[in-house]
Amino acid sequence: MPYGAVGVSVRARRLGRVDTTLHDPLVGRLLDGRYRVEDRIAIGGMATVYRAVDTRLDRVLALKVMHPALATDATFVERFIREAKSVARLSHPNVVGVFDQGADGAYVYLAMEYVAGCTLRDVLRERGALRPRAALDILEPVLAALGAAHRAGFVHRDMKPENVLIGDDGRVKVADFGLVRAVGAATNTTGSVLGTVSYLAPEQIEHGAADTRTDVYACGVVLYEMLTGAKPHSGDTPAQVLYQHLNADVPAPSAAVPGLAVELDELVASATARNPEVRPHDAVALLAQAREARAALGDEQLDLVPPQEHASADDQGGDRDGDGAGADDVTSVIARPLPDPQDSVQHTSRLEAPAPPPPAPDRPGPVARDPRRGLIAALVAVLLVLGVGAGVWYINSGQFTRVPTVLGQTQAQAEKRLKDAGLEVEQVKRDFSGAYERGTVMATDPAPGERIRGNGSVTLTVSRGPETVKVPDLEGKPFAEAKRELADLGLAPGAVTREFSREVERGAVIGTDPAPGTLRAPDSAVALVVSKGAPIDVPDVTGDRVEDATRTLEDAGFTVKVAAERVHSTEAAGSVARQSPAEGRQAAEGDTVTLTVSKGPRMVDVPDVVGDKIDDARRALESAGFQVEVDKTFPFLSDTVSSQSVPGGGQAPEGSTITIKTKGI
1 MPYGAVGVSV RARRLGRVDT TLHDPLVGRL LDGRYRVEDR IAIGGMATVY
51 RAVDTRLDRV LALKVMHPAL ATDATFVERF IREAKSVARL SHPNVVGVFD
101 QGADGAYVYL AMEYVAGCTL RDVLRERGAL RPRAALDILE PVLAALGAAH
151 RAGFVHRDMK PENVLIGDDG RVKVADFGLV RAVGAATNTT GSVLGTVSYL
201 APEQIEHGAA DTRTDVYACG VVLYEMLTGA KPHSGDTPAQ VLYQHLNADV
251 PAPSAAVPGL AVELDELVAS ATARNPEVRP HDAVALLAQA REARAALGDE
301 QLDLVPPQEH ASADDQGGDR DGDGAGADDV TSVIARPLPD PQDSVQHTSR
351 LEAPAPPPPA PDRPGPVARD PRRGLIAALV AVLLVLGVGA GVWYINSGQF
401 TRVPTVLGQT QAQAEKRLKD AGLEVEQVKR DFSGAYERGT VMATDPAPGE
451 RIRGNGSVTL TVSRGPETVK VPDLEGKPFA EAKRELADLG LAPGAVTREF
501 SREVERGAVI GTDPAPGTLR APDSAVALVV SKGAPIDVPD VTGDRVEDAT
551 RTLEDAGFTV KVAAERVHST EAAGSVARQS PAEGRQAAEG DTVTLTVSKG
601 PRMVDVPDVV GDKIDDARRA LESAGFQVEV DKTFPFLSDT VSSQSVPGGG
651 QAPEGSTITI KTKGI
């Protein structure tokens with residue numbers, strides 16, 4: 001839940017959400033004998049956030065108070081307490097800290113770090129699409145925060161712009177770990193899924209399953225929204241949005257904002273792959289991809305200005321609730337399986353199946369006989385006589401089928417075979433196995449060959465591979481091949497650094513951290529050192545004509561770029577004034593050397609130094625930008641200047657030599 005003070009107040013004034021005629025009973029109250037509630041700053045479907053003062057420590061903080069109606073629900077209270085315990089374990093500069101948790105009567109609360117600023121949703125609402133540099137500047141600390149959570153064993157499960165806080169000091173923090181769960185805990189639900197429809201991953205919708213990759217998917221959607229100002233999927237009902245998550249890929253952001261770099265399209269596509277197996281396995285892996293994409297972009301691509309007329313995030317029906325938060329932005333309990341997307345589905349903060357009608361009240365007096373009952377009873381009797389044989393066969397055999405053998409098959413193959421047999425996959429679990437390859441089915445419930453009703457459901461257990469994985473020896477392998485080999489083993493490529501190597505060809509792996517042979521848990525990151533090739537000494541081409549300098553550098557294996565701006569220098573006009581990298585530096589084959597072309601020397605006024613002492617004359621000429629040469633007349637010497645090669649008041653090229661003479665005594 002967002003609670004940036006500045007952002008909330010701006011939104012409230014614009015949307016008319018602050019009503020001073022309504023009094024919040026908590027405002028002005030001392031909660032739990034410690035926290036003085038000063039102002040209400042945000043209201044959500046499950047809790048309200050207040051600005052408060054900790055009277056014991058005399059500091060401003062945010063109080064997140066569960067709605068009293070939910071405080072009687074043990075499940076929600078447990079989730080609230082779980083949030084406090086889990087986030088308290090995270091110590092990261094980009095995670096909103098939790099200080100305390102407690103209860104005061106019907107009020108269950110969390111005491112949290114107060115961040116003065118606004119939310120990413122506020123920014124998107126006011127500005128629409130962001131420049132790629134700004135989007136990456138926000139995405140990277142978000143991924144750093146989630147990466148810390150993922151490596152600590154937690155999944156956020158509700159990443160969205162409302163939960164990204166941007167402080168007045170520019171710091172980015174992730175808030176609202178209220179749906180967090182341990183990665184190793186049960187993360188599947190059979191009848192509903194908790195989250196925000198615009199950011200739910202397909203596997204959350206289908207199976208209620210949530211792991212680190214569902215956070216990755218949500219971050220990909222948030223990145224798309226920052227780059228385009230709009231959500232990738234929209235619809236008149238939440239059901240239509242969920243249907244698109246399941247059946248349509250997130251489009252390339254460049255389709256909405258022409259000119260966006262292909263690296264950004266690839267980053268969004270990687271994070272939002274509908275198959276979770278091909279997504280980055282956690283936020284750390286996605287952060288590495290984001291940094292790699294940024295490094296590949298030039299300043300023009302990073303600072304691309306999106307079209308001003310492009311819609312902001314709220315222009316696609318995102319403000320249907322009338323309070324600045326769209327129906328698709330509300331954290332909800334969403335029923336599964338999904339209704340037809342064309343049906344009109346009423347959306348509330350809890351989407352639940354309608355309750356069955358109450359039983360009819362007892363009626364006094366004699367029971368009126370329904371004339372249809374006699375006919376129904378007669379028909380039943382006839383059917384029992386005529387159909388007893390067929391009925392017994394159907395009850396004992398016809399309505400059952402046997403679970404087909406799908407062990408060793410991929411999840412997709414197994415699901416198809418079960419579907420062809422008329423069975424449904426109820427849920428998918430994952431466990432370690434040394435006998436079955438990662439990604440293949442290692443068990444079913446019911447077991448293969450067991451009888452099950454024809455329309456029954458089966459639970460699949462998919463192998464995560466062995467409980468520990470040996471880091472492979474990747475030295476000399478191309479970078480792309482090394483990443484694939486790590487993925488096949490159940491490991492993930494981590495941070496990538498590049499170094500010179502005379503032994504390993506450019507683009508191939510020099511080594512790994514941890515070293516080959518080290519045992520690691522599945523999904524652990526392995527850092528890669530990639531070769532930049534053998535180092536090459538950069539030749540000195542300053543003073544050369546641009547054509548000659550280009551030929552020299554290209555023959556040495558470099559790519560040449562000529563800067564658009566020309567500068568004054570002591571070099572002749574049209575020749576190279578300076579180069580980057582400079583002479584004596586080393587670079588890799590294919591690296592770019594930038595040449596700046598000279599406009600020739602600047603013409604400078606020459607000071608008149610005749611009659612000055614030699615030392616004074618030298619200082620005056622050198623301060624004006626000239627070299628000085630002294631010609632003393634022999635044999636009688638004087639320290640007074642008698643003449644100068646360029647008369648005072650004239651002009652000479654900056655950096656040229658002025659000769660001064662003395663006369664004999």
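1 is the number of the first residue of the sequence shown in the working numbering; add one for each residue after it. The beta carbon of each residue, even a glycine, is placed where N, CA and C say it ideally should be. Note that the structure is a prediction, hence the values are computed from the model and not measured.
State the DSSP-derived secondary structure class of residue i, mapped to helix, strand or coil.
{"i": "S349", "result": "Caution applies to S349, whose pLDDT of 30 falls short of 50 and renders its modelled position unreliable; the model cannot decide the point."}
{"i": "T512", "result": "strand"}
{"i": "G391", "result": "Note on G391: pLDDT 39, under 50, position unreliable in the model; no value is reported."}
{"i": "E505", "result": "coil"}
{"i": "V478", "result": "What sits at residue 478 in the sequence shown is Pro, not Val. Here P478 sits in strand by DSSP."}
{"i": "Y243", "result": "helix"}
{"i": "S642", "result": "strand"}
{"i": "A563", "result": "coil"}
{"i": "L260", "result": "coil"}
{"i": "L667", "result": "No information on residue 667 is available, as it lies outside the stretch 1 to 665 that the chain covers here."}
{"i": "D299", "result": "helix"}
{"i": "G117", "result": "strand"}
{"i": "E629", "result": "strand"}
{"i": "K663", "result": "coil"}
{"i": "L63", "result": "strand"}
{"i": "R274", "result": "coil"}
{"i": "S254", "result": "helix"}
{"i": "A527", "result": "strand"}
{"i": "K470", "result": "strand"}
Under the rule that 16 or more other beta-carbon atoms within 10 Å means buried, what is residue i, buried or exposed?
{"i": "H23", "result": "exposed"}
{"i": "K532", "result": "buried"}
{"i": "E583", "result": "exposed"}
{"i": "G422", "result": "exposed"}
{"i": "Q627", "result": "exposed"}
{"i": "A295", "result": "exposed"}
{"i": "V447", "result": "A small fix is needed here, since residue 447 is Ala in this sequence, not Val. With fewer than 16 Cβ atoms within 10 Å of its Cβ, A447 is classed as exposed."}
{"i": "V278", "result": "exposed"}
{"i": "V60", "result": "exposed"}
{"i": "L264", "result": "buried"}
{"i": "S598", "result": "buried"}
{"i": "A327", "result": "Caution is warranted here: a pLDDT of 48 is assigned to A327, below 50, making its placement in the model unreliable, and no coordinate value can be reported."}
{"i": "A74", "result": "exposed"}
{"i": "Q651", "result": "exposed"}
{"i": "M603", "result": "exposed"}
{"i": "E571", "result": "buried"}
{"i": "V509", "result": "buried"}
If you follow the beta strand (DSSP E) that residue i is part of, which residue opens it and which one closes it?
{"i": "E206", "result": "Not the beta strand (DSSP E): E206 falls in the alpha helix (DSSP H), residues 202-207."}
{"i": "P68", "result": "Note, P68: premise wrong, no beta strand (DSSP E); alpha helix (DSSP H) at 68-71."}
{"i": "T461", "result": "457-463"}
{"i": "P653", "result": "651-653"}
{"i": "A42", "result": "35-43"}
{"i": "L110", "result": "107-112"}
{"i": "R721", "result": "A question about residue 721 goes unanswered here, because the residues of the chain that appear run from 1 up to 665."}
{"i": "P535", "result": "535-537"}
{"i": "A624", "result": "Counting along the chain, A624 falls outside any beta strand (DSSP E), and DSSP gives it neither H nor E."}
{"i": "D54", "result": "47-54"}
{"i": "K173", "result": "172-174"}
{"i": "G167", "result": "164-167"}
Considering just the uninterrupted stretch of the alpha helix (DSSP H) at residue i, what are its terminal residues?
{"i": "G220", "result": "212-228"}
{"i": "R121", "result": "120-127"}
{"i": "R151", "result": "132-151"}
Is it the case that the CB of residue i approaches a heavy atom of the ligand ADP more closely than 6 Å?
{"i": "M66", "result": "For the structure depicted, the ligand ADP is absent and the ligand set is empty, with no information on it obtainable."}
query: If we count Cβ pairs, one from each stretch, closer than 8 Å, do we get three or more for the stretch 103-117 versus the stretch 64-76?
result: yes
- prompt: Would you call the stretch 156-168 and the stretch 293-300 in contact, with 3 or more CB pairs under 8 Å?
  reply: no
query: Which runs of the alpha helix (DSSP H), 4 residues or longer, sit entirely within the stretch 73-104?
result: 74-88
- request: For the stretch 547-559 and the stretch 514-530, state whether three or more C-beta atom pairs, one from each stretch, are separated by less than 8 Å.
  value: no
- prompt: Does the stretch 476-492 touch the stretch 424-432, meaning 3 or more C-beta pairs lie closer than 8 Å?
  reply: no
- prompt: Which ranges would you report for the beta strand (DSSP E) in the stretch 397-458 if only whole runs of at least 3 residues count?
  reply: Fully enclosed beta strand (DSSP E) runs of 3 or longer: 400-402, 424-431, 441-445, 451-453.
task: Mind listing, in chain order, the continuous alpha helix (DSSP H) runs of no fewer than 4 residues lying wholly within the stretch 544-616?
output: 546-555
- prompt: Per the contact definition of three or more C-beta pairs closer than 8 Å, is the stretch 526-542 in contact with the stretch 487-505?
  reply: yes
message: If contact is defined by three or more beta carbon pairs under 8 Å, each pair taking one atom from either stretch, is the stretch 88-99 in contact with the stretch 209-228?
response: Touching, no, given that fewer than three Cβ pairs across the two stretches are closer than 8 Å.
- request: Determine contact between the stretch 146-153 and the stretch 108-125, defined as no fewer than three beta-carbon pairs at a distance below 8 Å.
  value: The stretch 146-153, when compared against the stretch 108-125, does not touch it at the 8 Å Cβ threshold.
- prompt: Using 8 Å as the threshold, is the stretch 537-549 in touch with the stretch 578-594, meaning 3 or more CB pairs across them?
  reply: As far as the Cβ criterion goes, the stretch 537-549 touches the stretch 578-594, which means the pair count is three or higher.
- prompt: Touching or not, the stretch 452-472 and the stretch 484-492, by the rule of three or more beta carbon pairs under 8 Å?
  reply: yes
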